[in-house]
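Residue numbers (my numbering), protein chains in the order written: chain A, 1 to 317; chain B, 318 to 432; chain C, 433 to 851.
The following block contains the structure:
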């Protein structure tokens, strides 16, 4: 695991690619996620982002915040546009060898709505084709850009403008869907562990093929938390077991450092510590908390069995 | 007279192109709106603050505040200590909350006479 | 898999008997397109099948061929590839165009020189896979240029001309090359595939490592496209530029066609329209697509009976060749406009007839117009029916009598009636 000191001394990693003075909210989870993703990937990255907060926080024409090639895209078109970039870089590398076109990284940075709802078709297609892109979903668990409407990534019991008495269904497990596509690398992260994000993106960059990383990125206005609590709430999501940090590489699932000890249920913090910090769970009922806890226990048992299944995947084409 | 070639300056390398494009009318515009990276893309976001983070002398230079700052306004100086760019700091308070030695204080802007 | 016998196979001029779809594929290959995004849909499917064959056999070295999972992704992929600075191509039809409609606006708004072959088919429901241009004409306002092909050779030629026009730095707009589904896509005719060196000399070079002048992916020149512009900002002016570029494209279309004639020896009028025996005509028609080819023969046969008829083959719908239509129309007293497409609720029910009427508004010496709709959903329009259409116009000229079976002012010719 890389140390903070090492990262601060690394010339590329200490550079800031997302310039300050942009229109992200104070304490925005997305901003931390993107900041650390770009530190790992470096300047030879082309980012394409379908409609989400990221399309709007980067300012109004003619000014913008990202100091690297950045393309906005229509809502459902993120993964496919990323595929187009990848194809173009390959075509250019064929015409202009030794110019570094084969070293370009294509990063698709999308919200949970643009990934698990409207963007799922494109993402599934890109994963099935094993397109050489890194698809990163920053998960703030609702359509935050349009004013906190429910998405399929909204957790059970959460209040949104379209589920005013709490979301009835459970969060869609998109990383599991991507694991089923058997792509070379799937990982989950949280903004409370920036160095973990850094390492996972560095690893993703070194792998050829389709990589999927989902980062839990709390949204202070949407989750009903103070801006200063953004990191703490993301940390509690991990510590209570609500959000599991892991890597899935070549068919083998490996829990990350902060999540590994939580295989033991007694080590997980009580769920109420996580829920009570957020206004969106203010009216959650006892029954819903029990349902949520049952679900968390179930997810952990499944993960446990997968972690134990150490069978390496046959070579992916 | 409209300068219809003006927009082609975006083709120049980073250091040679203008930081900000200025067009007078539709004829001068680039074919599509292209934005160039600049600090303060939405303005002086320091104006957003109600509270200002101040790093105290007890700071042990661990760098945790630098790691967590969403806006990347905390930077490391030559001597290893950290300073905050108050032009863009939005006052979110994450640095103060996450500081392990509790050496960052959030002070109300109104109470501070000096900038 | 058939291996290419020659590693460095260079296309020499040859005549092949091929289907319209294959002609489109040969043209994309001759244009050295770099990224192709593909999804099957009848009747375009054999375009992408043929291109797959070319790519797999090593005849298009360096070209990336991607099979995506929907037409929306086809266009998104092609947009991404074009933004990154490559020459792109794809093909689709009917429902596929409708599915990618959102992305069509995006492609035109990003001013990307993408060329798309369309084997036109009728919109569903009910399912219909045969020649009907409503799929293309209904994309009228997206900012895409669009032209119609009447013959197999024209499909090959028009795709080459399209790249020349679209990639011009004053144009930079995407384009449809439309031809009738099954009628042209699946029938075979001799087509001249031109010498690769001659095509390379005619077309502009492929984009270099710097990409297009107005949009590029380059870490040393970072730029961002697509962020918000407030109503008080230049949004309206950027939109004006798209319209302006398309109007200015008319002169580029004309010069591309003239240059094509000079280099390859095939004439397409002035590029925008082709007049046939209009100069001494009393009565004329405006027609487009494969039906225009057959109408030439109808004109010839009706002329043999002593009537002075003529026709204008419309090549381009967008940009609309207003000046050329006006000049040609003033030659006749009665003008029929034959649409193989619908525009529901419009003044005539047909897209081109409505535009011709608008073009001739307030023009001194403008003819009377009879809008005609025929051949929808691939319904056969026989030579006899086309001669009948001309005779109807002649009758209007002689007696002033309009046909009795007009529906809301339009002649829906060849209606089915079960006795």
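All C-beta atoms, glycine included, are put in the ideal place defined by N, C-alpha and C. Here the structure is a predicted model, which is why all the values come from computation and not from measurement.
*C-beta contact flag for residue 285 (chain A) and residue 234 (chain A) at 7 Å*: no
*Using a cut-off of 8 Å between C-beta atoms, extract the partners of residue 337 (chain B) located in chain A.*
62 and 63
*Members of the region 504-537 of chain C that neighbour chain A once the beta carbon cut-off is set at 7 Å*: 504, 505, 508, 509, 510, 511, 512, 513, 515, 516, 517, 518, 534 and 535
*Could you give the DSSP three-state label for residue 437 (chain C): helix, strand or coil?*
Interpretation of residue 437 (chain C) is limited by its pLDDT of 48, a score under 50 that renders its predicted location unreliable; no figure is taken from the coordinates.
*For residue 639 (chain C), which residues in chain B fall below 9 Å Cβ to Cβ?*
Under the 9 Å cutoff, chain B gives no residues; its nearest Cβ is about 13 Å from residue 639 (chain C).
_For the region 565-583 of chain C, list every residue whose C-beta sits within 7 Å of some C-beta in chain B, in sequence order._
none
*If we ignore side chains and look at the alpha-carbon of each, how far apart do residue 536 (chain C) and residue 706 (chain C) end up?*
28 Å
_Touching by the beta-carbon criterion (3+ pairs, under 8 Å), the region 621-639 of chain C and the region 587-599 of chain C_ = yes
*Checking contacts by CB at 7 Å: is residue 656 (chain C) closer than that to chain B?*
yes
*Measure the C-alpha to C-alpha separation of residue 91 (chain A) and residue 649 (chain C) and round it to an integer number of angstroms.*
14 Å
*Helix, strand or coil at residue 8 (chain A) according to DSSP, with G and I counted as helix*: helix
*List the residues of chain C whose Cβ lies closer than 9 Å to the Cβ of residue 351 (chain B), in chain order.*
646, 647, 655, 656 and 657
*With a cut-off of 8 Å on the beta carbons, I'd call residue 246 (chain A) and residue 187 (chain A) a contact; round off their distance for me.*
7 Å
*Measuring only between beta-carbons, confirm whether residue 359 (chain B) sits less than 7 Å from chain A.*
yes
*Continuous beta strand (DSSP E) assignments of at least 3 residues falling wholly in the region 94-124 of chain A*: 105-111
_Minimum length 4: unbroken alpha helix (DSSP H) runs contained in the region 548-589 of chain C_ = 566-569
*Rounded to whole angstroms, what's the CA-CA distance from residue 97 (chain A) to residue 727 (chain C)? Just pull it up for me.*
52 Å
*Excluding the 5 residues preceding and the 5 following residue 427 (chain B) in the sequence, name in chain order all residues of the same chain whose CB lies nearer than 7 Å to its CB.*
none
_Just to confirm my understanding: we take residue 80 (chain A), look at its own chain, exclude 5 residues before and 5 after, and list those with CB closer than 8 Å. What are they?_
122, 125 and 126
*Determine the DSSP secondary structure at residue 402 (chain B), reduced to helix, strand or coil.*
coil
*Interface flag, residue 543 (chain C) vs chain B, CB-CB below 7 Å*: yes
*Cα-Cα separation between residue 574 (chain C) and residue 840 (chain C), rounded to whole angstroms*: 28 Å
*Could you name the residues of chain C that residue 69 (chain A) contacts, counting a contact when the two beta carbons are closer than 7 Å?*
649, 650, 651, 654 and 655
*If residue 358 (chain B) and residue 21 (chain A) are in contact, beta carbons under 8 Å, what's the gap, nearest whole angstrom?*
6 Å
*In chain A, what lies closer than 7 Å to residue 433 (chain B) by C-beta?*
For residue 433 (chain B) there is no data in the structure shown, the boundaries of chain B being 318 and 432.
*Identify the continuous beta strand (DSSP E) that holds residue 72 (chain A) and give its terminal residues.*
70-72
*Can you tell me which of the three DSSP states residue 347 (chain B) falls into?*
coil
*Enumerated in chain order, which unbroken segments of the alpha helix (DSSP H) with a length of 4 residues or greater are wholly contained in the region 438-522 of chain C?*
452-462, 477-488 and 503-515
*Have a look at residue 434 (chain C) and residue 479 (chain C) and give me their C-alpha separation to the nearest angstrom.*
Only weak support exists for where residue 434 (chain C) lies, its pLDDT of 41 falling under 50; the value from the coordinates is given anyway. Cα to Cα, residue 434 (chain C) sits roughly 18 Å from residue 479 (chain C).
*Taking only beta-carbon positions, decide if residue 441 (chain C) is within less than 7 Å of chain B.*
no
*Roughly how many angstroms separate the alpha carbons of residue 367 (chain B) and residue 425 (chain B), rounded to a whole number?*
6 Å
*With a threshold of 16 other CB atoms inside 10 Å of the CB of residue 154 (chain A), please say whether the residue is buried or exposed.*
buried
*Using a Cβ cut-off of 7 Å, which residues of the region 660-680 of chain C contact any Cβ in chain B, in chain order?*
661, 666, 669, 670, 672 and 673
*What residue ranges within the region 232-277 of chain A form continuous alpha helix (DSSP H) runs of no fewer than 4 residues, ordered along the chain?*
271-275
*7 Å Cβ cutoff, residue 282 (chain A) in contact with chain C*: no
*Please name the residue or residues paired with residue 46 (chain A) in a DSSP beta bridge.*
A:106
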